[in-house]
Each structure stands twice: as structure tokens, then as C-alpha cells.
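In what follows, a structure is listed as C-alpha cells, so that the remarks can point back to it.
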Amino acid sequence: MTARVRARTRTLTVAAATAALAAVTAAVPAHATAPGHHAAAPTTLFTPPANPDANAQILDLLKHWQLKDAAGLLAMTLIPQAVWFDGGTSPADTKKAVDKTVSDAARRHALPVLALYNIPGRDCAQYSAGGAADTAEYQAWIDAVKAGIGNRPADVVLEPDSLALVPSDCGMDDAQGTMTAQRYDQIHYAVDALEPLAGTKVYLDAGHSGWHSINDIVPRLVAGGVDDATGFYLNISNYRSDTEIAWYGKLLSSCLAYVSGGGQASACPNQYWPVNDAQAWLDANVHTAPSAMKHFIADTSRNGQGPWTPPAGVYSDAQDWCNPPGRGLGARPTLNTGDPLQDARLWVKIPGESDGQCTRGTAGPNDPERGYQDPAAGHWFPQQALELVHNANPALLPH
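In mature numbering (1 follows the signal peptide of the UniProt record, and there is no 0), the protein residues as written are -32 to -1, 1 to 367.
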């Protein structure tokens, strides 16, 4: 390559990076206000290093002069996202890894979001199967996470799918519900270990508005120890709209307050009630101030286009949650939501990482919506990454 071509390539690369950085500056608020659960909390969110395969894709796009796509992907990776810890390491290594993330964030006076994903029987042995071997191993892992966090600030997204998908939901339990009871105890152990830390807020799994009714998920949250946690989270790795999430979160916080006062979850309005009827019930039955209610956070990483509607009558199991086509990045992460019950909008699922090898009820191995095989869960999905950038709402880069 001649010096002139190298210089031109470098100029274009810098231009692409500059465009991406400008987009990020516009998209992420510089001074968001954190709720006052713990004193002296950071007001900005932590951005971890990008998936190395994302960086490789960006370089490949630059190599082929696809500069706008390169800038879009770069912008996506420079937006605050969660850091996932999924076990498989010794307690000492777990402590070291957590400490590094929390220390890196503290040096920037930024708030790290830690997604803990190591519950025994994780994901009902589906695409993201794994987790600790038993309760003792899980508790030792949680203790290592606790030691790694110390007294530094952190938001903990505790075990996605752990309460919305308990062992009894997927034939992994006995008639006495032993495994499900253990699941609740495991979650409660983690809450009791992490929530008392000086800078830590713990949020529990409440699925999303297209999954469980309010009446069903509230008892699960109570059994998992939500009374001792900051609150719950919604829409992890899913695609429900912001409006739908906010309403479901309000109903859920309100029902938890009603149950805390001695009411029954079965009496609460759920997301299927007419809105006016549900609001009238809340006005009549829930008088707790929002500051005293359980708060929630929501994953907006991939919900910019809302949920996917599968074609009618085509698939025996459309798997609308699994790498659906045509989705886009959603609202940017912030600690200033304008909602007294919603502590944050976050990018918890790393956009661009696959949900799994989706076959939608067919023999596979190809994803019939895409015509090729999807990457394994958690692996980088270049085609989907570009879809998310192209369909971002709000737009990722200036037009």
C-alpha cells in the first residue's frame, strides 16, 4: 500500500470514528441524575470494552470502505452496556474479574451494571444452559462477586430468567417443587449478600409484559426476596416497547406495594385490564409514595422497533424472542428516565450478540427467517448487529 493510500485510509478511519463519537455524545446524557438509594452514586454509566468480534467487524467494514456502517457499529459499542458474569471460573478468578470491572468504572466515576448469570439450572437447559452445579457452588460464587464489588457503586441485574423461568415451568422439578424452592432460596441468598453493600442496588427478574401476568410474577418476586432488594428489572434481551414496559412496571410496583400492605396479588390489575379500569383500581387501593415503592430498570438495547410479529401459521414455534429480524437499537441508557418508579434505561443485553441458534420449530440447522444458521448464544452476530444499527430508534447516527 502506498503512503498516499495509507494516509487516505487513516483519514477516512478517523472521520468514521469522529462521526461515531459525535453520535454517542448526542445520544448519551452527560449528566444524568441517579436516584437517591445510596449516597454519592455516580451520575454516568460505565462503558466496558467492546466484544473483540465487534471490533473485528468494524475493521473489516473500514477495509471495504463501508464507512457509515463502521461508524454506526463503533457508535453502538461506545454506548454504556452491562458486563456479564456467567460463572465457570474459580471464586478467586471471579473476585478478580468483578473487581477489575468495578475498579475501572470507579476510576471514571461511572456506574457499572453487572449482569450475574450463573444460577443452577440456568435457562432450563436451553440455548444459554449452564450455571453453578448446586446451591453451595452458587453461594460461593456470589460471595466472590460480593468481595469483588466491595464498597464501590454497582447495579446488579440478578440472574435473568431466574424467576420468570423457574424449574417447575420446564419439567425440571419434582412433584414437591424442591428445585423451584431452592431457586427462590438461591436468589434470596444473593440479595442478602449484595444489597447491603454500601454502593450496590440489586434488581430481580420480572420477565416482561408479554410473558407473565402481574398476578403470577408478583408472588415469584416476593419468594425471591424482592422485599430486601431495590426492585426488579424488565425486558432483558427482549423487545417490548418503552411505553408497554413503563405501564407494566407501574402495575408491578403498585401490586408489590399492595401485597406488602397485606393484600393479595390475585386482586391486582394486570396488563390485560383496560388502562382506565386498572388506574382506577390503583387510585383506590395503592397509596404508597413512589419513593417507598419498589423501583425497576428496563433493558432498551434492542427494542427500538418493538416486538417482532411472526408470520401467521408458518412456524410451530416462532421463537419471537430469538434473533427476530428487523429489530433496532432502542432508547439510550440513562439514569434520568423522568419516571419516579424507573431508575434507569439500560443496555443489558449486548446488542450484536446472538440469542441462540434459532430454528423456529423446524428441523434446522438454519434459521428459516434468515436462510442461514445463527451463531450460538452469546456469540457475535454480524448481520444482526448491522440490522440493529440500521433500524435504531432513535437513529444512531445523524442522517
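For each residue, glycine too, the CB sits at the ideal point set by N, CA and C.
Query                                                                                                                             : Result
Backbone secondary structure at Leu356 - three-state DSSP                                                                         : helix
Other residues of its chain near Arg188: CB distance less than 6 Å, five sequence neighbours each side excluded                   : Leu131
Limits of the unbroken alpha helix (DSSP H) element including Tyr226                                                              : Asp210 to Ser228
Neighbourhood of Phe349 by C-beta distance below 8 Å, restricted to the same chain and skipping five residues each side           : Asn291, Gly320, Glu321, Ser322, Asp342 and Pro343
Contacts around Lys114, its chain only, beta-carbon distance under 8 Å, and the 5 residues preceding and following it disregarded : Ala161, Leu162 and Leu165
Any non-hydrogen atom of the ligand COA within 8 Å of Val124 CB                                                                   : The model depicted lacks the ligand COA and carries no ligand whatsoever.
Given 8 Å, three or more beta-carbon pairs between the stretch 279 to 288 and the stretch 182 to 197                              : no
Local conformation of Thr256 per DSSP, three classes                                                                              : coil
Cut-off 6 Å between Cβ atoms - residues of its own chain near Ile318, not counting five sequence neighbours on either side        : Gln49
Length of the line joining the Cα atoms of Val81 and Lys64                                                                        : 16 Å
Where Gly98 falls: helix, strand or coil (DSSP)                                                                                   : strand
Alpha carbon of Ala(-11) to alpha carbon of Gly139, nearest angstrom                                                              : Legend: pLDDT at Ala(-11) = 47, less than 50; position of this residue unreliable, value from coordinates given subsequently. So the alpha carbons of these two residues sit roughly 50 Å apart.
Helix, strand or coil at Gly199 [DSSP, three-state]                                                                               : strand
Environment of Trp33 [buried if 16+ CB atoms lie within 10 Å]                                                                     : exposed
DSSP beta-bridge partners of Lys169                                                                                               : Asp123
6 Å Cβ shell around Asp21 - same chain, five flanking residues per side excluded                                                  : Trp348
First and last residue of the uninterrupted alpha helix (DSSP H) at Gln25                                                         : Pro20 to Lys31
Sufficient close CB pairs (3 or more, under 8 Å) joining the stretch 170 to 184 to the stretch 136 to 151                         : no
Three-pair Cβ contact test at 8 Å for the stretch 12 to 20 versus the stretch 70 to 84                                            : yes
Runs of beta strand (DSSP E) wholly within the stretch 59 to 87 (minimum 3 residues, chain order)                                 : 81 to 84
His180: first and last residue of the uninterrupted alpha helix (DSSP H) it sits in                                               : Note, His180: premise wrong, no alpha helix (DSSP H); not H, not E.
Runs of alpha helix (DSSP H) wholly within the stretch 237 to 312 (minimum 4 residues, chain order)                               : 243 to 253
Beta-carbon contacts of Trp241 that lie in its chain and below 6 Å, excluding the five residues immediately before and after      : none
C-alpha distance - Asp288 paired with Val227, whole-angstrom precision                                                            : 32 Å
Cβ neighbours of Ala7 in the same chain (closer than 8 Å, five flanking residues each side left out)                              : Low local confidence applies: a pLDDT of 44 at Ala7 is under 50, so the model's placement there is unreliable, with the coordinate-based value given in what follows. Counting only Cβ-Cβ distances below 8 Å, and skipping sequence neighbours, we find nothing.
Residue of Ala18, Phe53 and Thr305 minimising C-alpha distance to Phe264                                                          : Thr305
Where the beta strand (DSSP E) containing Trp52 begins and where it ends                                                          : Val51 to Phe53
Outcome for Lys31 when other beta-carbon atoms lying within 10 angstroms are tallied against a minimum of 16                      : exposed
Span separating the alpha-carbon of Met147 from that of Gly231                                                                    : 27 Å
Chain-order list of residues whose beta-carbon lies under 6 Å from that of Ala24 (same chain, five-residue window excluded)       : none
Simplified DSSP state of Trp315, which is helix, strand or coil                                                                   : coil
Cα-Cα separation, Glu355 to His255                                                                                                : 44 Å
Spatial distance of Ile87 from Ala266 (CA atoms)                                                                                  : 21 Å
Whole-Å CB distance - Leu364 paired with Leu297, under 8 Å assumed                                                                : 6 Å
CA-to-CA distance, Cys326 to Tyr216, given in whole angstroms                                                                     : 28 Å
Contacting residues, own chain, Cβ-Cβ under 7 Å from Gly99 (five flanking each side not counted)                                  : Gly55, Asn86, Ile87, Pro88, Gly89 and Arg90
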